[in-house]
Each structure stands twice: as structure tokens, then as C-alpha cells.
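Residue numbers (this note's numbering), protein chains in the order written: chain A, 38 to 391; chain B, 38 to 391. Ideal Cβ placement from N, Cα and C applies to all residues, glycine included. Down below is the structure, laid out as C-alpha cells.
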DNA sequence: TACAAAATTGGTAGCGCTGCCAAAAAAATC
DNA sequence: GATTTTTTTGGCAGCGCTACCAATTTTGTA
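Printed below as a string of C-alpha cells:
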């Protein structure tokens with residue numbers, strides 16, 4: 038992406054400064070629980086109990102311990118604590134992307150719940166690459182997390198085997214069209230596609246096209262597309278044409294895709310986009326070209342981004358519970374709930390573009 | 038031995054849900070390094086050396102060890118490894134928000150670099166609350182990270198004290214207007230504000246307004262605003278009016294803010310927005326009301342979001358190196374570079390809205 | 001007052017791994 | 001072939017904490 042400002046300069050900076058480094062960087066002698074115990078004049082286990090507010094101890098002891106903690110600036114070592122105790126309070130997210138707003142939204146919902154429960158979120162990004170997902174999942178398991186959260190159901194055999202063997206909870210997010218390994222929280226992408234098609238048909242559009250981004254990688258977008266086509270087909274209005282762009286979903290790609298689609302297939306009445314980013318690109322294309330919406334061309338998106346509600350004509354789309362998905366997933370993990378599939382559903386927003 | 042299996046809590050859960058759950062719940066007996074060593078017929082330290090590719094060992098031994106690892110499905114325990122060795126490979130991010138695209142972008146840049154170097158990112162979200170930042174920073178330090186990354190320079194005294202005492206690297210991101218605690222990577226928000234003002238003045242706009250979101254919390258936006266006003270003042274064109282909206286920055290708020298500003302102060306020639314989200318809201322407002330841009334009203338944003346480049350008129354704004362900021366920050370941490378401030382600069386995009 | 005029950009405490013064995021050191025094996029040298 | 005040197009190895013003491021257990025103190029009861 039944006040390497041402009043960084044890369045070449047980065048190397049220089051690092052190299053340049055390498056020589057004049059003296060490290061005040063080594064770890065400082067940190068205070069340990071044993072030192073706190075000594076300072077407070079109590080046993081180690083007592084300090085441990087007080088700090089975790091677990092087991093019993095007198096008020097007097099608690100005060101003494103807390104005073105010592107304060108005085109020494111003690112920060113418990115969770116690494117040691119986790120190793121010594123039962124399960125960890127780490128939750129690992131292995132997500133396809135941080136550019137697609139969907140995933141920050143999920144993280145946002147989840148992290149709020151996790152923080153409240155003193156869990157810690159760790160994450161890594163796969164770029165929609167199943168092999169990379171496998172490698173990163175393996176790396177995450179090395180931290181012995183309480184749960185691993187992944188996007189969707191499509192994983193390599195190796196990933197599945199590894200996760201199964203790990204014994205930690207597995208949460209598959211943002212999809213319910215498939216077989217869950219353990220817990221799954223999301224909504225039906227296929228149904229979203231079908232409902233979108235049904236809506237367009239109900240509005241009377243018949244010559245309908247599709248503009249999307251790489252479907253092999255984003256399998257959930259693929260499921261929407263397939264549901265969409267299915268319903269069109271069932272109503273004798275098969276997809277008129279489609280344009281799939283190579284890169285990731287983006288506003289620019291949506292614009293480009295629509296331009297190409299319209300050039301190739303005149304007379305389209307409506308276009309379904311793989312998501313709101315793409316749809317907004319299409320919308321802007323129409324604005325720029327003076328194509329009147331929805332009379333000349335209807336536009337339908339997916340996701341229900343805020344921005345789509347603030348455009349001159351609100352975008353017709355499907356709003357997905359992204360934050361809620363994260364919240365629910367986190368809650369189930371924290372509660373150590375039994376395996377289950379939670380379908381949070383979605384909401385069709387009529388908008389003004391279709 | 039695995040004393041987890043007998044935990045009261047586990048039993049309860051299992052009992053409660055016993056009817057419909059078969060428990061892949063309890064922690065599975067995980068393979069340990071000692072078991073691998075035994076299976077491979079070598080010592081523990083040999084396995085450790087092979088797996089970390091550190092120290093010396095024969096090819097034959099390596100093969101034996103790897104075979105055993107494969108066979109047993111061994112996943113090293115990084116918790117134990119980190120505790121035993123000096124210095125962790127965790128990097129902690131304490132960020133204000135995941136809604137503001139800035140932070141996912143920074144995370145994206147950083148996580149790519151961190152993953153390459155086998156570091157692990159952990160994060161938590163402060164909601165722009167300094168108190169919460171302090172609490173979360175404390176929680177992160179408990180994981181003994183190699184570095185803590187924070188947004189900007191404004192932290193509570195407690196946070197600063199704690200970070201200083203921790204002995205881990207501290208990276209302050211997205212700002213260079215202030216005194217760095219250790220490493221700092223970003224760009225000057227004040228200069229961005231000044232340049233924006235200078236640009237608008239150069240274009241001949243004199244009656245200029247501002248629409249922004251909560252400045253107390255987002256201090257970087259505050260610095261831009263202050264730089265902006267400074268330059269306007271220096272050119273005898275003091276800010277005509279401003280509208281500050283309570284909530285977070287959003288497209289909707291930008292729209293609302295502009296509407297209110299225009300109602301109150303007719304005759305404005307240009308409006309500066311606290312960022313591109315807000316600016317797009319303003320842009321849409323103008324589109325909807327038939328206000329011609331930039332002849333009737335000029336619009337200027339901040340951030341250089343992709344979407345601003347795909348609107349019918351490209352947004353005039355300042356593009357910030359967000360991903361590069363994350364990359365650079367991660368590189369410096371990985372390289373254990375000396376304390377320094379890295380100013381990555383920004384780029385003014387003329388666009389068509391101002 | 002004596003004795004049982006309950007509430008507090010401290011000691012200590014690991015958790016699974018790494019780092020150090022010395023021992024053993026292999027390679028190199030005379 | 002004997003001796004050095006180098007390369008490979010294994011043993012084991014922690015890393016800082018928690019869980020278990022037993023010891024101690026406090027409280028309650030007869």
C-alpha cells in the first residue's frame with residue numbers, strides 16, 4: 038500500500054543509527070511477587086491471593102500487600118501467571134484483513150467485551166490466504182489462547198486438524214453457511230445474496246448485473262453472489278452480466294467495475310455490488326456521468342456502512358451486525374459456552390438507490 | 038501433569054451442559070518438549086536448539102527431532118519459552134479507536150512487519166480516554182511486551198511513570214509535535230493544519246470555517262485545528278466560524294456540522310474539516326443541496342482516504358502515511374533502534390473540492 | 001475453659017521452556 | 001596413533017507465578 042514515505046527511508050534510518058546505539062534497552066530489573074511478599078512481610082501465596090482476589094485473607098493483610106505493591110510499583114507478570122495456572126486469558130484473532138472495515142468492527146465489538154473480562158486480544162492478518170492462515174493459526178496456538186477466532190468456514194485441512202488438536206475454543210465468524218468446528222457467530226451470506234436479489238426483483242428490475250472483487254479469496258462474498266444468482270435464476274431473470282475485479286474491494290474498483298460493465302452490457306437496470314465500498318464507487322460513477330439513480334440504474338450494496346447513509350441518496354444495502362458478531366463471539370468464549378451456531382441475521386435497508 | 042482436568046469450574050460447566058455437550062472442552066493433554074525429546078531419543082535442550090535453529094546440532098539429529106515433532110503434532114509453548122528467556126516477542130498496541138480508520142491502518146502496517154519477524158501483536162482500545170489508556174497500558178505491561186505503542190504524546194502522569202519504569206520500548210505514534218518518551222513515529226499535525234490553511238489562502242479563500250469532532254479527546258485533531266487557525270490569523274483572515282460536534286468523527290456528523298455552520302454563518306467560502314470522514318459528509322451535504330463545489334463552497338479534509346479519490350470530485354485533503362507509520366514503528370522495535378523521532382511527513386492533495 | 005470449626009496463612013512443587021555448563025563425540029592436527 | 005580442537009549433546013537450575021496442602025490463628029460452641 039503506502040510504502041511511499043516509508044520503505045527506502047526506513048532502512049537508512051535504522052542503519053544510520055545502528056552505530057551510535059547504547060542500549061538502555063535491556064530489561065530493567067522488574068519487581069517480582071516474591072519481593073512484594075517480603076516487603077509486605079507475608080508469604081508469596083498470600084500476595085497472589087490478594088492480587089487475584091481469590092481465596093481468603095484478612096483486610097489488614099490486604100492493606101499491607103496493596104501498600105507494598107504500590108510502593109514497589111509491582112506489575113504482575115501474566116506470562117508467569119498463565120504458565121502456572123489453568124487456562125490463559127488470551128484470545129487470538131486470525132483475520133483476513135484490516136482494510137476491510139468488517140474486521141476492525143468485529144475486533145471492536147470483541148475487544149470491548151474481552152477487556153471487561155480481563156482477557157487480552159492478540160491478532161494477525163492473513164490477507165485472505167488460507168496457507169497464511171494456517172501458518173498464523175499455528176503461531177497463535179503457541180500462545181495457548183483460550184480461543185481462536187477465524188473468519189468463516191473455509192480453512193485448510195492442516196488448519197482444521199491443528200485447531201482441533203489444540204483443545205482451545207474455536208470461533209468461526211461472519212458466516213453460518215457451513216459446518217462449524219465449535220462455536221460460530223454470524224449470519225447467512227447466502228441468504229443475504231438471495232434477499233438482495235428478491236428485493237431487486239420485487240422492485241421490478243430484470244436486467245441485473247454484478248460487480249465484485251476477488252471471490253476465491255473472499256468466500257463469503259462468493260456465497261452472497263451464489264445466493265444472488267440462485268434467486269435471480271429461480272425468477273427467470275438470470276444474471277445479465279458480471280464484472281469481477283482482481284484486487285481487494287475498494288471504492289475505486291467499484292467505480293471501475295461499473296464503468297466496464299456498463300460499457301459491455303448496455304441496458305442494465307440494476308447492479309449488485311459485492312459490498313458497500315464497491316457500491317459507493319458505482320454510485321460515484323453514476324453521479325459523475327449523470328446517470329440518474331435509480332431510474333436509469335439501480336445500485337445495491339452489502340454491509341450497511343455509515344457512509345452509505347449519508348450520501349445524497351442513502352444506499353440500498355444490507356446491514357450486517359459486525360460489532361455484535363464480535364461481542365457475541367467474545368461473550369460465548371468468556372462464558373465457555375457449549376458449541377453452537379449463532380445466527381445474528383441482517384437487515385435489508387431499502388435506501389434510495391434501488 | 039495436567040491438574041486442569043479436575044478444576045471445579047470445568048466440572049460445573051461440563052455438568053450443566055452435560056446433556057447436549059460432548060466436551061472438547063477440557064484442555065487437551067498437550068505435547069511438551071520433553072515428550073518430543075523422549076520420542077526423538079535426544080535431550081530436551083537439543084530439541085529446543087533444533088526448533089529455534091539456534092546453537093549447533095547435526096543434520097541427523099535435526100531430522101529425528103523434526104520427525105518426532107511432526108508425528109506428535111508438537112506446538113511449542115511460547116508462554117513457557119518467553120518466561121524462560123529474556124525479552125518477549127510481544128508488541129502491545131494501546132489505541133484510541135478501531136472505528137477511525139487511522140488505527141487499523143497503523144496496525145496493518147505494523148502487523149505485516151511484526152509477523153515477518155515472528156513478533157506477536159496484542160492490542161486494546163481506549164476510546165480516547167486517558168484514564169482508560171492508563172489502565173490498559175498497565176494490563177499490557179503485565180504481558181512484558183518488547184514494546185508498547187500508543188497514540189500521540191498526551192498521556193496521564195501515571196501512564197508515563199509506569200511506562201518509564203517498565204523498561205520496555207515505548208513508541209508514540211502519529212504525532213511529532215511534543216516530547217517523545219522514547220521512539221516516536223508520525224508527522225506533524227500542527228504543520229498539516231498550517232499547510233491546509235496556507236493552501237486555502239493561496240487559492241484565494243478568505244471567509245473560512247471549521248467543522249470538527251471532539252477535540253479534547255482527539256488531541257491530534259486539536260493540534261491541526263490550532264495550526265490551521267494560527268496560519269489564518271497570520272494572514273489576517275481569522276477563522277470565520279467553527280462547529281464542533283460532540284461525538285466521534287463520522288460522515289453523518291460532517292454533514293450535520295456543515296449544515297449548522299452554513300445556517301449560522303452565511304457567506305463562508307471554504308470549510309476545513311477535522312478529517313476526511315467529516316469532509317465527505319460536508320461534500321454530500323453540498324451535493325444534496327445543490328451547493329456548487331468549489332465555486333460556492335470549498336471543502337478541505339484530512340487523511341487522504343481512498344474514498345476521497347473516487348468521489349465525482351476528488352477531495353482536497355492531506356494524505357498521511359498511516360500504514361508507513363505502523364511499518365516504521367515496527368521496524369524500529371524489531372531492530373531495537375535507539376530513541377528517536379521519525380517524521381514521515383504528509384502530502385497535500387489538491388483535489389477538486391478546494 | 002476446652003474443644004471443634006472456620007478463616008488465614010506459608011511452604012513448595014511444578015507449569016514448559018531456555019541458558020549455562022560440562023561431558024561426549026567427531027574432526028583436525030602433529 | 002595420540003592429542004588438540006571443534007562440534008554436538010544432555011543435565012539441570014531457574015524464569016515468576018499458581019495450586020495444593022498443611023500449619024496456624026481466629027472464631028464459635030458446649
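C-beta neighbour in chain A for residue i, strict 7 Å
i: residue 109 of chain B; result: no
i: residue 348 of chain B; result: yes
i: residue 339 of chain B; result: no
i: residue 64 of chain B; result: With a pLDDT of 39 at residue 64 of chain B, under the threshold of 50, the modelled position of this residue cannot be trusted, and the question is left open.
i: residue 268 of chain B; result: no
i: residue 295 of chain B; result: no
i: residue 394 of chain B; result: This structure does not reach residue 394 of chain B, given that chain B is present from 38 up to 391, and the question cannot be answered.
i: residue 305 of chain B; result: no
Chain-ordered chain B contacts of residue i [CB-CB under 7 Å]
i: residue 281 of chain A; result: Ordered by position in chain B, no residue passes the 7 Å Cβ test against residue 281 of chain A, which lies about 19 Å from the chain.
i: residue 113 of chain A; result: 179
i: residue 147 of chain A; result: Here the premise fails: no neighbours, minimum Cβ distance about 10 Å.
i: residue 144 of chain A; result: 135
Own chain partners of residue i with C-beta closer than 8 Å, once the 5 adjacent residues on each side are dropped
i: residue 284 of chain B; result: 250, 251 and 290
i: residue 193 of chain A; result: 167, 168, 170 and 171
i: residue 67 of chain B; result: 112 and 114
7 Å Cβ cutoff, residue i in contact with chain B
i: residue 130 of chain A; result: no
i: residue 386 of chain A; result: no
i: residue 187 of chain A; result: no
i: residue 257 of chain A; result: no
i: residue 254 of chain A; result: no
i: residue 292 of chain A; result: yes
Beta-carbon neighbours of residue i, restricted to chain A and to distances below 9 Å
i: residue 299 of chain B; result: Chain A residues near residue 299 of chain B: none, gap ~16 Å exceeds 9 Å.
i: residue 67 of chain B; result: 181, 202, 203 and 204
Beta-bridge pairing of residue i - partner residues as DSSP gives them
i: residue 377 of chain B; result: B:220
i: residue 131 of chain B; result: B:161 and B:187
i: residue 361 of chain A; result: In the DSSP output, where bridge partners are listed per residue, residue 361 of chain A has none listed.
i: residue 12 of chain B; result: In this structure chain B extends from 38 to 391, so residue 12 of chain B is not present and cannot be described.
i: residue 29 of chain B; result: There is simply no residue 29 of chain B to check, as chain B begins at 38 and stops at 391 in what is shown.
i: residue 337 of chain A; result: A:309 and A:353
i: residue 280 of chain B; result: B:248
i: residue 451 of chain B; result: The displayed coordinates of chain B run from 38 to 391. Any statement about residue 451 of chain B would go beyond what the structure contains.
i: residue 7 of chain B; result: Look at the range of chain B in this structure, 38 to 391, and you will see that residue 7 of chain B is not part of it.
Cut-off 6 Å between Cβ atoms - residues of its own chain near residue i, not counting five sequence neighbours on either side
i: residue 58 of chain B; result: Note on residue 58 of chain B: pLDDT 31, under 50, position unreliable in the model; the coordinate value appears next. Around residue 58 of chain B: no qualifying Cβ.
i: residue 390 of chain B; result: 330, 331, 336, 350, 352 and 353
i: residue 156 of chain B; result: 126 and 128
i: residue 359 of chain A; result: 139, 142 and 143
Beta-carbon contacts of residue i that lie in its chain and below 7 Å, excluding the five residues immediately before and after
i: residue 301 of chain B; result: 278
i: residue 107 of chain B; result: none
i: residue 255 of chain A; result: 165
Chain-ordered chain A contacts of residue i [CB-CB under 8 Å]
i: residue 343 of chain B; result: 287, 288 and 289
i: residue 119 of chain B; result: 116
i: residue 325 of chain B; result: 349
i: residue 175 of chain B; result: 112
Partner residues on chain A for residue i, Cβ-Cβ distance less than 7 Å
i: residue 319 of chain B; result: In chain order: nothing, as chain A lies at least about 10 Å away.
i: residue 141 of chain B; result: 135 and 141
Under 9 Å by beta carbon: chain B residues contacting residue i
i: residue 125 of chain A; result: 116
i: residue 161 of chain A; result: 148, 151, 152, 157 and 158
Three or more C-beta pairs closer than 8 Å, one from the segment 339-352 of chain B and one from the segment 270-278 of chain B: is that the case here?
No, the segment 339-352 of chain B is not in contact with the segment 270-278 of chain B.
Under 8 Å: do the segment 122-133 of chain B and the segment 135-143 of chain A share three or more Cβ pairs, one atom per stretch?
These segments do not touch.
Answer yes if the segment 171-180 of chain A comes into contact with the segment 173-192 of chain B, meaning at least three C-beta pairs across the two stretches below 8 Å, and no otherwise.
Short answer: they don't touch.
Spell out a yes or no on whether the segment 353-364 of chain B and the segment 375-389 of chain A are touching, meaning 3 or more CB-CB pairs, one atom from each, closer than 8 Å.
The segment 353-364 of chain B makes no contact with the segment 375-389 of chain A; the number of CB pairs closer than 8 Å stays below 3.
Three or more beta-carbon pairs under 8 Å between the segment 106-124 of chain A and the segment 75-91 of chain A, yes or no?
The segment 106-124 of chain A, when compared against the segment 75-91 of chain A, does touch it at the 8 Å Cβ threshold.
Flag this pair as touching only if the segment 231-238 of chain B and the segment 187-202 of chain B have three or more C-beta atom pairs under 8 Å; answer yes or no.
In short, these stretches do not touch, since the Cβ pair count stays below three.
Taking contact to mean 3 or more Cβ pairs, one atom from each stretch, closer than 8 Å, check whether the segment 218-232 of chain B and the segment 255-265 of chain B are in contact.
Using a C-beta cut-off of 8 Å, the segment 218-232 of chain B makes contact with the segment 255-265 of chain B, since at least three inter-stretch Cβ pairs fall below that distance.
Tell me whether the segment 86-95 of chain B and the segment 313-329 of chain B touch, counting them as touching only if at least three CB pairs, one residue from each stretch, are closer than 8 Å.
Touching, no.
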